[in-house]
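Before any comments, here is the structure.
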Amino acid sequence: MDPSQKPRLISALKREIPALSPRLAQVAKYILDHPSDFGLDPIRRTAEKTGVSTYTLIRLAQHFGFEGFEELRAPFRHALVTTSAQADHPTWIAGLQEQGEMGRAQAEAALNSLSIVQRSLHQDGEKMQRVVRLLLGASHVYLTGARASHALAYYFHYVGRMALPTLDLIARHHGSALDDLNLAKPGDVIIAMAFAPYSRETIDACLFAQERGLGLVLISDSEIIAPEVKPDEVLVASAVTTHRFGCFAGAMALVENLLALLIQQGGDAAQERIETYEVLRQNRGAYWSGRK
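Counted from 1, the sequence shown has number 402 at position 77 by this note's numbering; the numbering is strictly sequential.
Okay, here's the thing in structure tokens:
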């Protein structure tokens, strides 16, 4: 099988998804978000996961020129066979699994976190370099994330502003992100952090930024958070979880990776800014040092 077939198919799915019917678009987004599961699962299991009929899956395959579901799935299955590698489980996982129901739940959650961190850090090096260059070259960098994603955005801003002095966390003072984008202009960039369920405020900020001609970097669990949102770059972090809410371990690892690159590329100027922040905090007694 041609190893380039999967990347070409993914590109076609991204390109076609805005024009697909709602049910076909629902399946296409699932494939983009969960390529490994799609490569492994039979047609009935995929239908259950996507909430559509098996006929809908066949129609999507035929839309892209395949005879049936198996032909559509084949490039994803082939990629798993040829490139996947399973890390050995740490010995302490086995110990947890022997500690009753709660131990097994802890082991399952731990394995899930280890897995999604690895998947989230598996980013294309050239793409990461493009993102770093885009941020460092921007006149102003806005950063937004609502609800649970706000915690990631806040941390990224807290550290990132030392390497990227133009970084600005919005919305400020519990207002609207759109208020803070009012003076944004071409040459500026917005970083949007969005994990399902996607905040309407974040999507509105992305669309507004696009209208203003800003560059858009999306950090998300999916390359497609809304059909109208067209990012310049997308960094996808897995948020698969063993509980009802998304697991942000992978997203945090990705954010840390991006921060490391920004600080490294910031050079001496970034190091000097970090030093000034540390001196300021030490002089102002920001850190507890105990009784002398």
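For every residue, glycine included, the Cβ atom is placed at its ideal position computed from N, Cα and C.
Cβ-Cβ distance between residue i and residue j below 8 Å
i: A488; j: I550; result: no
i: L506; j: F533; result: yes
i: Y467; j: I544; result: no
i: L541; j: P522; result: no
i: I368; j: L382; result: yes
i: V565; j: E548; result: no
i: E558; j: R455; result: yes
i: T491; j: A463; result: yes
i: F389; j: A350; result: no
i: T527; j: G571; result: no
i: L461; j: Q590; result: yes
i: Q443; j: A432; result: no
i: H482; j: D513; result: no
i: M518; j: A478; result: yes
i: P552; j: P400; result: no
i: A618; j: E396; result: Given that the chain is displayed from residue 326 to residue 617, the structure contains no residue 618 and the question cannot be resolved.
i: G485; j: P511; result: no
Classification of residue i by the beta-carbon crowding that lies within 10 angstroms, buried from 16 upward
i: A585; result: exposed
i: R398; result: buried
i: T408; result: Reliability fails at T408, whose pLDDT of 43 lies under 50, so the model's placement of it is uncertain and the value that follows must be treated cautiously. Result: exposed.
i: T567; result: exposed
i: M427; result: exposed
i: F520; result: buried
i: L334; result: buried
i: N608; result: exposed
i: G610; result: exposed
i: L579; result: buried
i: L605; result: exposed
i: K331; result: buried
i: D593; result: exposed
i: T371; result: buried
i: D504; result: exposed
i: H359; result: buried
i: S614; result: exposed
i: G393; result: exposed
Cβ separation of residue i and residue j, assumed to be a contact under 8 Å, to the nearest whole Å
i: A509; j: A502; result: So it is not a contact: roughly 10 Å between Cβ atoms.
i: I441; j: S563; result: 4 Å
i: G379; j: Y355; result: It should be pointed out that residue 379 corresponds to Thr in this sequence rather than to Gly. Going by Cβ atoms, the distance from T379 to Y355 rounds to 14 Å, so no, they are not a contact pair.
i: R348; j: V377; result: 5 Å
Quick one: complete beta strand (DSSP E) runs, 3+ long, within the segment 381-444? none
Residue ranges of each alpha helix (DSSP H) within the segment 509-580, 4 or longer: 525-536
Do the segment 414-424 and the segment 433-440 touch if we need at least three Cβ pairs shorter than 8 Å? yes
Contact between the segment 442-449 and the segment 459-478: three or more CB pairs below 8 Å? no
Ordered list of alpha helix (DSSP H) runs contained in the segment 440-489, each at least 4 residues: 450-461 and 473-488
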